[in-house]
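What follows is a short report on a single structure.
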Amino acid sequence: MTTSTMTEQADTAAPDDDVAERLDGDWGRRALARLRVSRSGWLTVGLTVVLVVIAGGLSAALILSTGGSPSGSLHAVWTGSMANAAGWSTTLLNTAPLLLVAAGTCIAATAGTFNIGQEGQVLIGAMAGAFVGLRLSVQGPLLAVLVLVAAALGGALWAGLSALMYRYRNVNIPVSTLLMTFLAVELVDWMVSSPSILQETAQGSSGLASSVSNPLPAAGRLATTGQYPSLQLNAGLYIAVILTALTAIMLTRSRWGFRLRMMGLSPLAAKHAGVRVALLSGVALAISGAFAGLAGGVLLASPIGSNRLQSGISDNVGWDGLLVALVARNRPGVAVPVALLFGVLRAGGDFLSSTGVPYFLVDVVKSLLVLAFVAPPILIDAVLRRRASRGVVAHLPAAPATPEVAA
Amino acid sequence: MSAVNDASTILASGVRLTIPLAFAACGEYLAERAGTMNISIEAMMLGSAFTSVAAASATGSPTIGLIVGLLTGMLIGFIHGNLSHRAQINTFVVGLVLNSLVLGLTSYLISTNTFTSHQVSLLSIPGLRDIPIVGKALFNDRWPAYLLILLVPLTWWVVERSRWGLELRAVGENPHAADVTGIKVNHRRRQALLWCGTLAGLGGAYLAVGEVGSFNQNMTAGRGYIVIAAVIFGAWRLGRTMLGCLVFGLSDAMRLALPALGVTLNTQLLIAAPYLLALLAMLLFTTTQREPAALGQPFDRSSA
Chain A
224 MTTSTMTEQA
234 DTAAPDDDVA
244 ERLDGDWGRR
254 ALARLRVSRS
264 GWLTVGLTVV
274 LVVIAGGLSA
284 ALILSTGGSP
294 SGSLHAVWTG
304 SMANAAGWST
314 TLLNTAPLLL
324 VAAGTCIAAT
334 AGTFNIGQEG
344 QVLIGAMAGA
354 FVGLRLSVQG
364 PLLAVLVLVA
374 AALGGALWAG
384 LSALMYRYRN
394 VNIPVSTLLM
404 TFLAVELVDW
414 MVSSPSILQE
424 TAQGSSGLAS
434 SVSNPLPAAG
444 RLATTGQYPS
454 LQLNAGLYIA
464 VILTALTAIM
474 LTRSRWGFRL
484 RMMGLSPLAA
494 KHAGVRVALL
504 SGVALAISGA
514 FAGLAGGVLL
524 ASPIGSNRLQ
534 SGISDNVGWD
544 GLLVALVARN
554 RPGVAVPVAL
564 LFGVLRAGGD
574 FLSSTGVPYF
584 LVDVVKSLLV
594 LAFVAPPILI
604 DAVLRRRASR
614 GVVAHLPAAP
624 ATPEVAA
Chain B
-1 MSAVNDASTI
9 LASGVRLTIP
19 LAFAACGEYL
29 AERAGTMNIS
39 IEAMMLGSAF
49 TSVAAASATG
59 SPTIGLIVGL
69 LTGMLIGFIH
79 GNLSHRAQIN
89 TFVVGLVLNS
99 LVLGLTSYLI
109 STNTFTSHQV
119 SLLSIPGLRD
129 IPIVGKALFN
139 DRWPAYLLIL
149 LVPLTWWVVE
159 RSRWGLELRA
169 VGENPHAADV
179 TGIKVNHRRR
189 QALLWCGTLA
199 GLGGAYLAVG
209 EVGSFNQNMT
219 AGRGYIVIAA
229 VIFGAWRLGR
239 TMLGCLVFGL
249 SDAMRLALPA
259 LGVTLNTQLL
269 IAAPYLLALL
279 AMLLFTTTQR
289 EPAALGQPFD
299 RSSA
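Chains as they are written, first to last, in my numbering: chain A, 224 to 630; chain B, -1 to 302.
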């Protein structure tokens, strides 16, 4: 442990394993050891900060190059999202569906299944919710519950189709979920353009119906606490937070979550340990679809829009939720602040566009931030590993070849 | 006579809608044979469409616009290649972020700038253009379209017959075996992405300064994803991929033309056709066996 190479290797492997062993039983000191940040951890944090600053600088340069004012734009985002209770209400309203999508993505990704079709699953969820909300003649808050359940089932079914395609025809999951997204957009568009299915009943002076559904009846909407000038909280946020907490607990503390993680790390090892890999990965994909579908139901039933189904209702929530999970590196707990950040950007972006700066600026900032957060750990890990392997390669015999596992 | 005219019009419009897809599909085909499931092709097409219009507006020459667009696609391919095949960031993640970045960037810039309109010239071949039905479609196009006559066979030859292409396919099928024989796997994949970006850039630029002459927000509108669908539909073979592009281009043309002809066909179904056909092709035919075995899997020597 004298050379720097060896220390780094120990650091990158499991920084708190030996420490935890020695301090067995001493809970407080073990917790402290857990908090100890390894050298690669510090490097990651440092590089992230540098990249975030660069991302901010690039965004500011972009605003300046088009004759805008960076500080003015930042102030507009602040005013629209966090400066007062009304801003916070909008931010939290935007956060709830993002968090739901992200929590679902964490489940699929932990199982080693890469779902990128959340946008379509959100849409199908909203569609199923609209069907139930507009067709069932149920009174009272039971209708809202049914809308959400239908939305979750719709999303699960849509993702489940991809799981079945993978199971029986070996169709690549990222590819099928991506293609299914575009099918979902057209399916919803067709439904809200067909008077016999979900299109609004013709109204008004023109007598022409647009491609939207009728608004969800009041009983089907999610309740909101609080009045306008003060903070308003929608039931969707509670649902999102509770489900995210449940996801975090299930993934890290339950037997089911352990199987899922084992499968994500090595499907072959999991198979030999008796995990039904094909079934479990399909279930994980369907659950992530259910979360996305539920997000669609929340979009439909909360005052974020007009409570009407239309092909634009998802408004990139699926894509953004996926990015939230990527930035949070598939940990539901970390997804909460990240979803809040994205909610701030969405709410602030809406306010920003009312000041004359195009909303698209937020998309640029968002993408740059995602890169700034996603890249550092992978970069640092790659560099350290390369340096470490250069150090040991002379002393070790060549590693025996292991058969490749189809992902 | 009218039916012949209608067919001729739809075919001509279908071919015009096919050409940008065909350029990009050549690139996507090559990248996927090397094992990269490149979804940033949408970013490559959209970004190059924007820069080609900007460059044409600044210089007054659509040809320079075309070249700048091509270089933009190459740049995006370079970025994608380095992030996913050097820094080892998941290729889908890189693609998603690049798509969202380029969409935001071009949308922002087009709403804060105005550009003058420029279009490359028409190259009409006398004699051949008068052939009934197909003449107008095949021999009366913007000049860069004829580059396809060169590029499609060239791409086929490079992938299927050259040593570089053999190594490329090896990298897509079994990167570890390729690595053992001394092929630099990630290097090859980055090269494939550069080439893919160049061709997709040409496709995007052709769409902007070739067909339309201007840029509007989210101009490609998912054409990159249609290209991916075409490669899947074509079962990772160039000929069938080109056929897929033609089918999708024609279905797009029919969507635009049929209402005027008084035929009602489900618009949404026609828009969804490429994705539906790609999925059906994967489900019904045994073409999934032709998928490059290591498609979408990162290569890292130490993780073997």
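Where a beta carbon is used, it is the ideal one built from N, C-alpha and C, also for glycine.
In the DSSP output, what is residue i paired with across the bridge?
i      : result
B/R140 : B/L120
B/L314 : Shown here, chain B extends from -1 to 302; a query on residue 314 of chain B therefore has no answer.
A/N457 : A/T447
Helix or strand or just coil, what does DSSP make of residue i?
i      : result
A/T448 : strand
A/G356 : helix
A/D543 : helix
A/L246 : Residue placement at A/L246 cannot be trusted, given a pLDDT of 49 that sits under 50; what the coordinates show is reported in the next sentence. Of the three classes helix, strand and coil, the one that applies to A/L246 here is coil, per DSSP.
A/E423 : coil
B/K134 : helix
B/S160 : coil
B/N216 : coil
A/P581 : coil
A/S292 : coil
A/V368 : helix
A/G528 : coil
B/R186 : helix
B/F283 : coil
A/Q341 : helix
B/R299 : helix
B/G232 : coil
A/I510 : helix
B/N172 : coil
B/R253 : helix
A/L439 : coil
Measuring alpha carbon to alpha carbon, tell me which residue in the options is nearest residue i.
i      : options                        : result
B/I224 : B/L275, B/L191, B/R235, B/G195 : B/L275
A/A496 : A/G310, A/M485, A/L502         : A/M485
B/L68  : B/M35, B/D139, B/A203, B/A233  : B/A203
B/R253 : B/G12, B/A1, B/N3              : B/G12
B/R186 : B/L81, B/Y27, B/G33            : B/G33
A/I286 : A/V368, A/R609, A/L584, A/L594 : A/L584
A/V361 : A/L376, A/L545, A/G443, A/W311 : A/G443
B/H116 : B/A176, B/V132, B/A53          : B/A53
A/I510 : A/A441, A/I420, A/A326         : A/A326
A/T271 : A/L592, A/N539, A/R608, A/V606 : A/L592
A/M414 : A/Q450, A/A351, A/L456         : A/A351
Quick one: which chain B residues come within Cβ less than 8 angstroms of residue i?
i      : result
A/S612 : S300
A/T289 : Y106, L107, T110, N111
So which residues of chain A does residue i contact, with C-beta pairs closer than 7 angstroms?
i      : result
B/G102 : F583, D586, V587, S590
B/G294 : N395, P397
B/M280 : R392, V394
B/F90  : F337, I339, P397
B/A270 : F405, L406, E409
B/A85  : A598, I601, L602, A605
B/V95  : S590, V593, L594
I want to verify the contact list: residues of chain A whose CB lies under 9 angstroms from the CB of residue i, in sequence order.
i     : result
B/S98 : N539, W542, D543, L546, D586, V587, K589, S590, V593
Strictly below 7 angstroms CB to CB, what residues from chain B border residue i?
i      : result
A/L402 : A227, Y273, A276, L277
Taking residue i as the query, report the chain B residues whose CB atoms sit under 9 angstroms from its CB, ordered along the chain.
i      : result
A/D573 : Those within 9 angstroms of A/D573 in chain B number zero; the least Cβ separation is about 15 angstroms.
A/M388 : L277, M280, L281
A/W413 : N264, T265, Q266, L267, A270
List, in order along the chain, the chain A residues whose C-beta lies closer than 8 angstroms to that of residue i?
i      : result
B/Y27  : Near B/Y27 there are no residues of chain A at all, since even the closest Cβ is about 15 angstroms away, more than 8 angstroms.
B/G220 : F405
Could you name the residues of the segment 104 to 127 of chain B whose beta carbon sits closer than 8 angstroms to any beta carbon of chain A, in the order they occur along the chain?
S105, Y106, L107, S109, T110, N111
Residues from the segment 256 to 267 of chain B in contact with chain A, defined by Cβ distance under 9 angstroms:
N264, T265, Q266, L267
Would you list, in chain order, the members of the segment 542 to 555 of chain A that have their beta-carbon closer than 8 angstroms to a beta-carbon of chain B?
W542, L545, L546, L549
Would you list, in chain order, the members of the segment 188 to 217 of chain B that have their beta-carbon closer than 7 angstroms to a beta-carbon of chain A?
none
Residues, ordered as in the chain, of the segment 595 to 608 of chain A that lie near chain B by beta-carbon distance below 7 angstroms:
V597, A598, I601, L602, A605, R608
So if I threshold CB-CB distances at 8 angstroms, which residues from the segment 33 to 46 of chain B count as touching chain A?
M35, I37
Which residues of the segment -1 to 14 of chain B have a Cβ closer than 9 angstroms to any Cβ of chain A? Give them in chain order.
none
Short-range partners of chain A found in the segment 228 to 252 of chain B, where Cβ spacing is below 8 angstroms:
I230
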